[in-house]
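Engineer:
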Amino acid sequence: MTDSQKLDLILEKVGGLEGKMDGFESGMDRLEGKMDGFESGMDRLEGKMDGFESRMDGLEGKMDGFESRMDGLEGKMDGFESRMDGLEGKMDGFESRMNGFEGKVNKLENLLIKSTSELKMMDKLILSEIERVHDILNKHISDKTVHTA
59 MTDSQKLDLI
69 LEKVGGLEGK
79 MDGFESGMDR
89 LEGKMDGFES
99 GMDRLEGKMD
109 GFESRMDGLE
119 GKMDGFESRM
129 DGLEGKMDGF
139 ESRMDGLEGK
149 MDGFESRMNG
159 FEGKVNKLEN
169 LLIKSTSELK
179 MMDKLILSEI
189 ERVHDILNKH
199 ISDKTVHTA
């Protein structure tokens, strides 16, 4: 594989990573939107809870109805806990994907370092050969001889 091909491959991988980063940012934006919706839902729930407390003052004589409403609220809380558990699972998956992404970035960085090192070594070899040829030519010029190779 030529240096140009290696460089093209590296640039292609970097472009792929940029695309993945754009996808990741888009996913984060969607997650942020869902979290905003969750927060507004929580605000609505908080408002409902405030109304519930004021109604409790008037419902002391209707304890049976209150108990059945509490059972319904308990079911909603179980659902809320289940959704929170699901969100926690999604966050764990996200963290796992981020760790995988970080590993890929590290591999790419290592490849870039290796390729850069190889290119620098080639530059040194080429420069050394050019200097050797110049030395030969300068010798022939100073000796006024002709190189017969």
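Residue numbering for the sequence shown follows our numbering, starting at 59 and increasing by one per position. C-beta atoms are modelled at their ideal positions from N, C-alpha and C, and glycine is treated no differently.
If you draw a straight line from the alpha carbon of Met-142 to that of Met-135, how long is it in whole angstroms?
Structural biologist: Looking at the two C-alpha atoms, the distance is approximately 10 Å.
Engineer: Is the distance from the Cβ of Leu-177 to the Cβ of Asp-61 below 8 Å?
Structural biologist: The answer is yes: Cβ separation under 8 Å.
Engineer: Might you give, ordered along the chain, the residues of its own chain that have their beta carbon closer than 8 Å to the beta carbon of Lys-78, omitting 5 neighbours on each side?
Structural biologist: Cβ within range, chain order: Phe-159.
Engineer: Determine the contact status of Leu-166 and Leu-75, defining contact as a CB-CB distance below 8 Å.
Structural biologist: Yes, the Cβ-Cβ distance between Leu-166 and Leu-75 is below 8 Å.
Engineer: With a Cβ-Cβ cutoff of 8 Å, do Lys-64 and Ser-173 count as a contact?
Structural biologist: Yes, these two residues count as a Cβ contact at 8 Å.
Engineer: Can you give me the C-alpha to C-alpha distance between Glu-132 and Glu-104, rounded to a whole angstrom?
Structural biologist: Distance between the alpha carbons of Glu-132 and Glu-104 is about 15 Å.
Engineer: Would you kindly work out how many angstroms separate the C-alpha atoms of Ile-194 and Leu-185, rounded to a whole number?
Structural biologist: Near 14 Å, if we compare the C-alpha coordinates of Leu-185 and Ile-194.
Engineer: Select from Leu-145, Met-121, Gly-73 the residue whose C-alpha is nearest the C-alpha of Glu-90.
Structural biologist: It is Leu-145.
Engineer: In chain order, what residues of the same chain lie with their CB nearer than 6 Å to the CB of Arg-190, ignoring the 5 residues before and after it?
Structural biologist: Cβ within range, chain order: n/a, list empty.
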